[in-house]
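Q: Handing you this structure, nothing more for now.
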Amino acid sequence: MTFFRPFFRRLGGMAITLIAMSILIFLLVELMPGDAAQRVLGQSATPQAVAALRESMGLNDPVWVRYGRWATGMLRGDLGTSLYMRGVPIASIFWRKVGNSLVLALLALLFYVPLSIVFGILAGVKAGKIIDSIISFFGLATMALPEFVSGIILMTIFAVKLAWFPITSVIPIGESIWSNLNILVLPALSITLVMFGYVSRMQRASMISVMNSDYIRSAILKGLPMRKVIFKHALKNALLPTITIIGMNMGWLFGGLIVVETLFGFPGLGSLTMSAVKTQDTPLIEVCVLFITAVFVVSTAITDLLYGFLNPRIRYPGGS
Amino acid sequence: MTNKPILDIHNLNVVYETPSGPIVAIRDLALELNANEALGIIGESGCGKSTLSYAILDYLPSNARRSGSIMFNGEDLLLKTEKEMQNYRGDRIAMVYQNPYSALNPSLTIGEQLDEVTRIHRGFSRTQARKESIQSLQDLSLGEAEGIVRRYPHQVSGGIQQRICIAMALLCQPDIMILDEPTTALDVTTEASILDIIGELKERHRMSLIYISHDIGIVNKISDRIAVMYRGEIVELGPQEELFNHPKHPYTRALINCMPRAGVKKETTRLNTIPGYVTRRSADERGCPFASRCEKKNAVCEEKYGLREIESGHLAACDRAYATDVPDKSTFAPLIPKANARPGADQTDNASSGIEPGIGPAPLLELHEVYKYYKNRKRTVRALDGINAKIEKHDVLGLVGESGCGKSTMGHLVAGLLEPTKGNIHFDGKDISLTWKHRSRDTIRDIQLVFQNPGRSLNPSFSVEQILDRPIKKMLKIRSRRERRAVMINLLKKVDLGEEYLSRPSTRLSGGEKQRIAVARAFVTSPRLIVCDEPTSALDVSVQASVLNLLGELQEQSHTSYLFISHDLNVVNYISDHILVMYLGRVCEYGLRDEVVNPPYHPYTEALLSAAPDVNPSHKQKPIRLEGAPPDPSAQIVGCPFAGRCHKKIDGLCDTTPPPLKRLSETHYIFCHLSEDRLRGVAHL
Amino acid sequence: MQRIWYMAKRYPLIFPALIIILFWFFIATFGPSLMPFSYTAMDMDHQMTAPGVGEHLMGTDSLGRDIWSRIVYGSRSILTIALLTSLFSSLAGVILGFTAGYFGGRIDALFLRVMDIMMAIPPLVLSMVVLGVLGNSNILTLTLIVSIAYTPATARVARGTLLSCKNIEYVDAARLRGESHLYIMFREILPNTMGPIIVEITARFAYSIMMVASLGFLGVGLQPPTPDWGMMVIENKTIIKAAPWAVLYPSLAIASLVIAVSVFSDFLSKVVIRDQ
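Chains as they are written, first to last, in full-length UniProt numbering: chain P, 1 to 320; chain W, 1 to 685; chain D, 1 to 276.
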């Protein structure tokens with residue numbers, strides 16, 4: 001199966017990227033100013049207590065030994081323990097928060113993917129007309145806004161003025177996200193606005209270039225009705241670049257989550273990362289950043305695979 | 001002539017609204033197309049040929065306005081709505097385009113793209129439509145049609161793609177088929193066979209053709225009548241032979257005489273040229289559109305005068321083609337032969353050597369067993385597969401072959417853009433099988449390159465002065481600005497351009513002017529060898545003629561040698577002293593020009609010659625149809641590379657044993673198994 | 001020039017966009033000296049007052065600080081950092097991308113691999129983590145880190161524009177007269193890529209504003225009491241119900257600036273595309 005080939009080639013690249021990234025993250029965080037043991041115990045701790053903790057945390061080993069220990073732990077699924085919340089295994093909170101974020105991200109995807117594709121196509125087909133100008137400007141504006149600005153605007157309208165949704169998206173203790181779905185709407189919409197800009201503008205551009213291509217001319221001059229020209233001939237080609245953009249932006253979306261979750265106080269990966277940075281919780285920062293990287297790498301690989309599968313020129317190479 | 005025309009265009013005007021005001025693309029055009037008639041439309045680029053065909057089908061950009069009438073079978077197409085037009089497009093009027101590769105949708109199978117035509121226009125079911133599609137592919141002698149319909153366009157060759165496009169156009173048996181430069185992107189031998197098929201189909205389906213081309217030779221092969229377009233008007237329209245033998249309009253006459261053709265050589269004739277270039281037309285322009293470039297212009301020409309019947313069935317807007325009140329300026333002006341003007345040609349008469357070096361006067365450049373392979377992950381492409389060649393001093397070697405034969409690779413090796421994989425290139429005795437990085441300054445100065453597309457070889461950010469100044473400074477080491485300027489002005493004079501060009505940005509020049517600047521740049525260092533890589537194929541015929549004349553004159557004055565690369569045998573024939581014919585990275589034939597273009601010749605040369613379009617309408621010989629496409633250049637070929645397509649192939653010999661070198665004269669050799677008699681003989685088809 | 005004017009008439013949004021951009025640059029340059037309040041002055045009589053009350057044009061926050069004054073002061077840092085960042089990252093991007101694209105082969109493969117790794121982490125996450133770990137951000141560290149985070153993207157753009165010119169014959173012509181690599185890269189190729197590069201710089205300017213604001217919002221930007229637009233939003237988020245202006249006006253300041261710059265960049269890209 002030839003279309004698997006780019007995927008296998010990707011696998012190697014994925015591994016290299018992840019390993020390199022894990023080293024980078026580890027070095028960056030480990031080499032940061034201040035002593036981890038000191039931080040755990042606070043400024044008032046005795047030097048003896050700090051030294052003892054250093055020993056028990058293995059901080060006296062050379063960096064590469066510590067990296068090896070950490071990396072093999074990761075591979076076994078052992079995420080380590082939090083510094084800030086002393087002794088709490090990271091895994092016990094991490095996966096639940098990741099789950100929450102995934103629900104949020106999926107909801108956002110569900111909103112923005114169909115919306116931006118439909119409006120992008122509409123703008124592309126009506127290029128130069130008034131409807132195109134409106135969609136294009138709206139896309140440009142929402143794309144430029146930081147997530148927290150569009151979030152604040154949404155919050156002011158829908159939470160403060162209309163009070164349709166809560167201002168904060170906190171899940172009450174003991175409840176799961178599924179019983180609090182209304183808290184997801186505003187955060188998901190904030191993400192949707194930013195992503196809508198990107199994806200719809202890309203969709204519009206690729207639609208325009210496809211509509212100007214020679215094969216669309218052929219289709220029109222064959223006597224096909226416009227709806228067939230667009231849906232059968234144009235769409236298949238115009239969706240390909242969009243798929244890439246959506247895939248590539250998955251990592252980006254997780255970056256956006258940090259801002260949105262912080263704004264709404266949503267208990268997800270983003271706010272977890274944020275608080276890890278704030279509290280200088282070394283092991284937790286490492287896990288969060290590595291996970292975000294992995295999401296990007298994996299979604300890029302899936303995109304590549306999907307692209308190859310949908311594009312006959314890659315699926316059936318050869319000929320001329 | 002009595003039956004009603006199938007298409008009757010009256011007073012057609014097409015105007016584009018642009019920021020700089022309206023531009024007239026078609027002006028007061030009138031045209032009749034009869035049933036089962038093939039009408040050729042010729043003209044330079046920008047004359048409105050394609051706009052006319054898109055105007056008929058109502059496929060114009062949104063800023064275009066049409067007026068007048070286009071009567072098709074008694075109905076005015078200009079009055080039809082978009083929805084009604086869908087019933088004509090692809091059904092009654094079908095079209096075939098220039099570039100078959102981009103005309104087919106890359107993500108639908110060939111079958112899907114064919115089937116939808118009959119499904120939409122005939123309401124066929126899936127299976128019915130598929131049967132019809134396969135049948136129409138078979139009609140175009142595409143074997144294995146069942147396999148082709150399941151493939152995607154990129155999986156078949158360019159020639160087959162164009163046949164698929166033609167098959168698609170024929171599916172509903174249209175009344176009119178419009179062909180817009182359908183063979184321009186294809187090789188000559190493929191072009192010849194496609195032209196053949198089109199002619200056959202026209203008779204079989206009793207349809208009318210509109211065949212658009214910039215190439216008079218091609219239009220000639222296929223048309224009953226020919227219309228000559230210039231700046232949006234038809235300036236002449238008449239039966240094919242009549243129009244060519246007795247053109248009435250000065251533009252038609254000039255256009256015909258621009259074309260290099262068999263028997264026209266640089267020693268004896270200079271090509272006709274048309275000064276200036278095609279310009280845009282504003283709405284308020286009056287008078288003859290050609291007046292500004294016409295050498296037969298007189299006082300009347302500034303006023304408009306339309307197409308009228310000059311002889312029965314022969315219409316023209318002007319009949320001053322042979323007017324005697326203004327003398328002919330340049331048309332095939334015979335040159336006075338100069339004694340010893342070109343020492344190269346004289347030397348080659350007694351020069352003996354074939355490929356063995358060391359006999360006779362040393363050639364300027366020698367390629368010895370040169371290989372060039374391009375390797376990538378999957379395969380090795382053998383661009384040059386053991387080439388031996390030489391260029392004499394003060395001589396023009398024409399290098400001819402179809403795309404992919406390695407001729408450009410050879411040019412780039414000589415110029416130093418590439419390095420041979422194996423083998424040596426000697427220049428004046430020195431080994432120069434190196435790229436520019438490692439060549440000596442002298443070698444760099446001695447070998448220059450003129451590129452195919454002057455729009456790309458001149459930096460668009462620079463003015464003419466910047467373009468010429470840098471090489472003068474860099475390679476001639478002239479420090480004084482004033483001196484460099486003097487050199488530049490001198491160079492411009494050489495290429496017939498004035499001093500005022502120095503300050504112009506290169507993007508503001510016409511194609512012909514750009515190529516002149518590129519030629520001037522090549523002559524900065526007074527090189528001993530210039531590689532001309534298809535220097536005229538991006539240009540219109542009238543401009544091509546002037547650039548060819550210029551290259552010929554400069555070569556004569558400076559005694560520079562040329563390696564002149566072209567796919568066009570007529571052009572090579574015009575400019576060369578020797579010709580080298582290549583096929584798939586190997587040499588087929590080498591000799592003096594007249595030896596190569598006359599029998600005995602290599603079967604491939606024979607095929608190329610028979611396929612080359614000829615402006616002379618009485619030369620309607622049947623082209624030799626080559627079977628199939630050239631083999632994959634990455635395949636290891638045991639025998640003769642041409643064996644697979646050769647019409648004279650000896651089974652069991654040609655495809656297993658490499659062809660031996662047959663020396664036919666001191667200067668002429670052919671790589672072929674066939675006997676000299678067979679090489680001389682007419683093709684047995 | 002005539003063409004730009006023609007394009008501008010067909011893209012009327014450019015006029016308000018230019019006015020907004022000029023407005024903010026004016027405010028950043030001269031505004032602070034014209035303000036009635038210092039950005040740190042706490043007006044204890046007017047805490048969380050609505051816009052217009054007590055000469056507070058845009059109201060005050062919970063500490064009684066004048067919102068408009070803080071926005072005016074905050075415009076300085078965000079414009080400075082964003083401008084420097086877009087210039088630095090573009091410069092670094094051009095140098096890296098041109099070198100990799102021009103020489104190709106292994107250098108290019110290595111470049112692409114490193115860029116792949118760098119791009120695997122979103123620029124915002126990278127900047128946030130690094131700045132958070134370093135602590136105590138100032139204009140210098142912010143500019144530096146954000147520039148580094150954006151360099152892979154600009155380098156890819158620069159490499160792409162170079163590749164689109166690299167195989168054009170005027171480059172071969174320059175090689176064949178023995179020009180140096182530097183001459184070819186920067187004298188022959190660079191002028192022909194200026195259009196897309198200028199568009200990239202302006203787009204990067206918009207992204208940088210977005211990034212700096214977001215970092216401020218996340219609390220890893222400039223440290224209090226220096227006013228920062230993003231920080232103002234998070235500081236006052238808790239009082240959004242009582243004093244929505246304290247959150248809304250800084251947000252609108254960010255929105256107006258970043259949209260105007262985006263429109264400007266979009267306009268430039270249209271001018272450039274038609275040019276080629």
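We treat Cβ as the ideally placed atom computed from N, Cα and C, and that holds for glycine.
In the DSSP output, what is residue 431/W paired with across the bridge?
A: Residue 431/W sits at position 431 when you count from the first residue of the second sequence. Paired residues: 426/W.
Q: Compute the Euclidean distance between the alpha carbons of residue 7/D and residue 306/P, then round it to the nearest angstrom.
A: For the purposes of this step, residue 7/D is taken as the residue at position 7 of the third sequence. For the purposes of this step, residue 306/P is taken as the residue at position 306 of the first sequence. Rounded to the nearest angstrom, the two C-alpha atoms are 39 Å apart.
Q: Taking residue 121/D as the reference, which of 137/P, 304/P, 294/P and 310/P has the closest Cα?
A: Counting from one through the third sequence, the residue named residue 121/D turns up at place 121. For the residues 137/P, 304/P, 294/P and 310/P, the minimum Cα distance to residue 121/D belongs to 294/P.
Q: Using the Cα positions of residue 182/P and residue 214/D, report the straight-line distance between them to the nearest angstrom.
A: Within the first sequence, the letter at position 182 stands for residue 182/P. Within the third sequence, the letter at position 214 stands for residue 214/D. The straight-line gap from Cα to Cα measures roughly 25 Å.
Q: With three or more C-beta pairs closer than 8 Å as the rule, is the stretch 168-178 of chain W touching the stretch 133-147 of chain W?
A: At 8 Å Cβ cutoff, the stretches touch.
Q: If the criterion is Cβ atoms closer than 7 Å, does the pair residue 566/W and residue 534/W meet it?
A: Taking the second sequence and counting its residues from 1, one reaches residue 566/W at position 566. Taking the second sequence and counting its residues from 1, one reaches residue 534/W at position 534. The answer is yes: Cβ separation under 7 Å.
Q: Just the Cα atoms here: how many angstroms apart are residue 248/W and residue 313/W?
A: Position 248 of the second sequence holds residue 248/W. Position 313 of the second sequence holds residue 313/W. Spanning the two alpha carbons is a distance of roughly 13 Å.
Q: Pair every Cβ in the stretch 169-180 of chain P with every Cβ in the stretch 80-89 of chain P, then say whether three or more of these pairs are closer than 8 Å.
A: Because the criterion of three Cβ pairs below 8 Å is not met, the stretch 169-180 of chain P and the stretch 80-89 of chain P do not touch.
Q: Does residue 444/W have its Cβ less than 7 Å from a Cβ in chain D?
A: Numbered from 1 along the second sequence, position 444 holds the residue referred to as residue 444/W. By this cut-off, residue 444/W is an interface position.
Q: Which one of 104/W, 267/W, 678/W and 472/W has the shortest CA to CA distance from residue 573/W?
A: Against the second sequence, residue 573/W aligns to sequence position 573. Nearest of 104/W, 267/W, 678/W and 472/W to residue 573/W, Cα basis: 267/W.
Q: Which chain W residues are close to residue 124/P, counting only those with a beta carbon under 7 Å from its beta carbon?
A: Taking the first residue of the first sequence as 1, we reach residue 124/P at position 124. In chain order: nothing, as chain W lies at least about 15 Å away.
Q: Between the Cα of residue 646/W and the Cα atoms of 636/W, 635/W, 659/W and 634/W, which residue gives the shortest distance?
A: Here the question's residue 646/W lines up with position 646 in the second sequence. For the residues 636/W, 635/W, 659/W and 634/W, the minimum Cα distance to residue 646/W belongs to 659/W.
Q: Which chain W residues are close to residue 213/P, counting only those with a beta carbon under 8 Å from its beta carbon?
A: Along the first sequence, one-based indexing puts residue 213/P at 213. Going along chain W in sequence order, the residues near residue 213/P (Cβ under 8 Å) are 102.
Q: Taking Cβ positions only, does residue 319/P come closer than 7 Å to chain W?
A: Mapped onto the first sequence, residue 319/P falls at position 319. Because residue 319/P sits at a pLDDT of 48, beneath the cut-off of 50, its placement in the model cannot be relied upon, and the following sentence gives the value as read from the coordinates. So, interface residue.
Q: Any residues in the stretch 184-196 of chain D with a beta carbon nearer than 7 Å to a beta carbon of chain W? Which ones, in chain order?
A: Those residues of the stretch 184-196 of chain D that come within reach of chain W (Cβ to Cβ, closer than 7 Å) are 188, 191 and 192.
Q: Check whether the stretch 227-242 of chain D touches the stretch 74-93 of chain D, counting contact only when three or more Cβ pairs, one atom from each stretch, lie closer than 8 Å.
A: Yes, the stretch 227-242 of chain D touches the stretch 74-93 of chain D.
Q: Looking at residue 374/W: is its Cβ nearer than 7 Å to the Cβ of residue 384/W?
A: For the purposes of this step, residue 374/W is identified with residue 374 of the second sequence, where counting begins at 1. For the purposes of this step, residue 384/W is identified with residue 384 of the second sequence, where counting begins at 1. No, Cβ-Cβ distance for residue 374/W and residue 384/W is not below 7 Å.
Q: Going along chain C, which residues have a C-beta under 7 Å from residue 274/P?
A: Structure shown: chain C not included; protein chains present are P, W and D.
Q: Suppose the cutoff is 7 Å on Cβ atoms and the five residues either side in sequence are ignored; what does the same chain contact list for residue 337/W look like?
A: For this step, residue 337/W is matched to residue 337 along the second sequence. The predicted model places residue 337/W with a pLDDT of 47, which falls under 50 and marks its position as unreliable, so this point remains unresolved.
Q: Mind checking residue 180/D: buried by the 16 CB within 10 Å criterion, or exposed?
A: As a first step, residue 180/D is located in the third sequence; it is residue number 180 there, counting from the start. Exposed is the call here.
Q: Using the rule of at least 16 other Cβ atoms within 10 Å of the residue's Cβ for burial, across every protein chain shown, is residue 68/P buried or exposed?
A: Looking up residue 68/P in the first sequence gives position 68. Exposed.
Q: Using a 10 Å radius around the Cβ and a threshold of 16 neighbouring Cβ atoms, would you call residue 250/W buried or exposed?
A: The residue given as residue 250/W occupies position 250 in the second sequence. Label assigned to residue 250/W: buried.
Q: Residues in its own chain within less than 8 Å of residue 197/W by CB, not counting five upstream and five downstream?
A: As a first step, residue 197/W is located in the second sequence; it is residue number 197 there, counting from the start. Here the set comprises 140, 141, 163 and 166.
Q: When burial is assigned at 16 or more other CB atoms within 10 Å of the CB, is residue 267/P buried or exposed?
A: Here residue 267/P is taken as the residue at index 267 of the first sequence, counted from 1. Residue 267/P is buried by the Cβ-count criterion.
Q: Within 7 Å of any Cβ in chain W, is that where the Cβ of residue 312/P sits?
A: What you label residue 312/P is simply residue 312 of the first sequence in a count that begins at 1. For residue 312/P, the answer is yes, since a Cβ of chain W falls inside 7 Å of its Cβ.
Q: Name the chain D residues that come within less than 7 Å of residue 411/W, Cβ to Cβ?
A: Taking the second sequence and counting its residues from 1, the one referred to as residue 411/W is at position 411. Near residue 411/W there are no residues of chain D at all, since even the closest Cβ is about 11 Å away, more than 7 Å.
Q: Indicate whether residue 259/P and residue 148/P have their beta-carbon atoms separated by less than 7 Å.
A: In the first sequence, counting from the first residue as 1, residue 259/P sits at position 259. In the first sequence, counting from the first residue as 1, residue 148/P sits at position 148. Yes.
Q: To the nearest angstrom, how far is the alpha carbon of residue 206/D from that of residue 123/D?
A: Sequence index remark: in the third sequence, residue 206/D carries index 206 (1-based). Sequence index remark: in the third sequence, residue 123/D carries index 123 (1-based). Spanning the two alpha carbons is a distance of roughly 14 Å.
Q: Using a Cβ-Cβ distance cut-off of 7 Å, determine whether residue 63/W contacts chain D.
A: Translated into positions along the second sequence, residue 63/W becomes position 63. By this cut-off, residue 63/W is not an interface position.
Q: For residue 322/W, which of helix, strand or coil comes out of DSSP?
A: To locate residue 322/W, count along the second sequence from 1; it is residue 322. In this structure, residue 322/W counts as coil in the three-state DSSP scheme.
Q: Rounded to whole angstroms, what is the Cα-Cα separation between residue 34/D and residue 211/D?
A: Within the third sequence, numbered from 1, the residue matching residue 34/D stands at position 34. Within the third sequence, numbered from 1, the residue matching residue 211/D stands at position 211. The straight-line gap from Cα to Cα measures roughly 28 Å.
Q: Quick check: what's the CA-CA separation for residue 277/P versus residue 25/P?
A: Here the question's residue 277/P lines up with position 277 in the first sequence. Here the question's residue 25/P lines up with position 25 in the first sequence. So the alpha carbons of these two residues sit roughly 13 Å apart.
Q: Over the uninterrupted beta strand (DSSP E) stretch that includes residue 533/W, give me the two end residues.
A: Reading the second sequence from its first residue, position 533 is the one you call residue 533/W. Here the beta strand (DSSP E) through residue 533/W covers 529-533.
Q: Give me whichever residues DSSP pairs with residue 370/W in a beta bridge.
A: Counting from one through the second sequence, the residue named residue 370/W turns up at place 370. Answer is 387/W, bridged to residue 370/W.
Q: Are the stretch 451-458 of chain W and the stretch 169-176 of chain D touching, with three or more C-beta to C-beta distances below 8 Å?
A: The stretch 451-458 of chain W, when compared against the stretch 169-176 of chain D, does touch it at the 8 Å Cβ threshold.
Q: Among the candidates 73/P, 140/P, 62/P and 263/P, whose CA atom is the shortest distance from the CA of residue 190/P?
A: As a working mapping, residue 190/P is identified with position 190 in the first sequence. With distances taken between Cα atoms, residue 190/P lies closest to 263/P.
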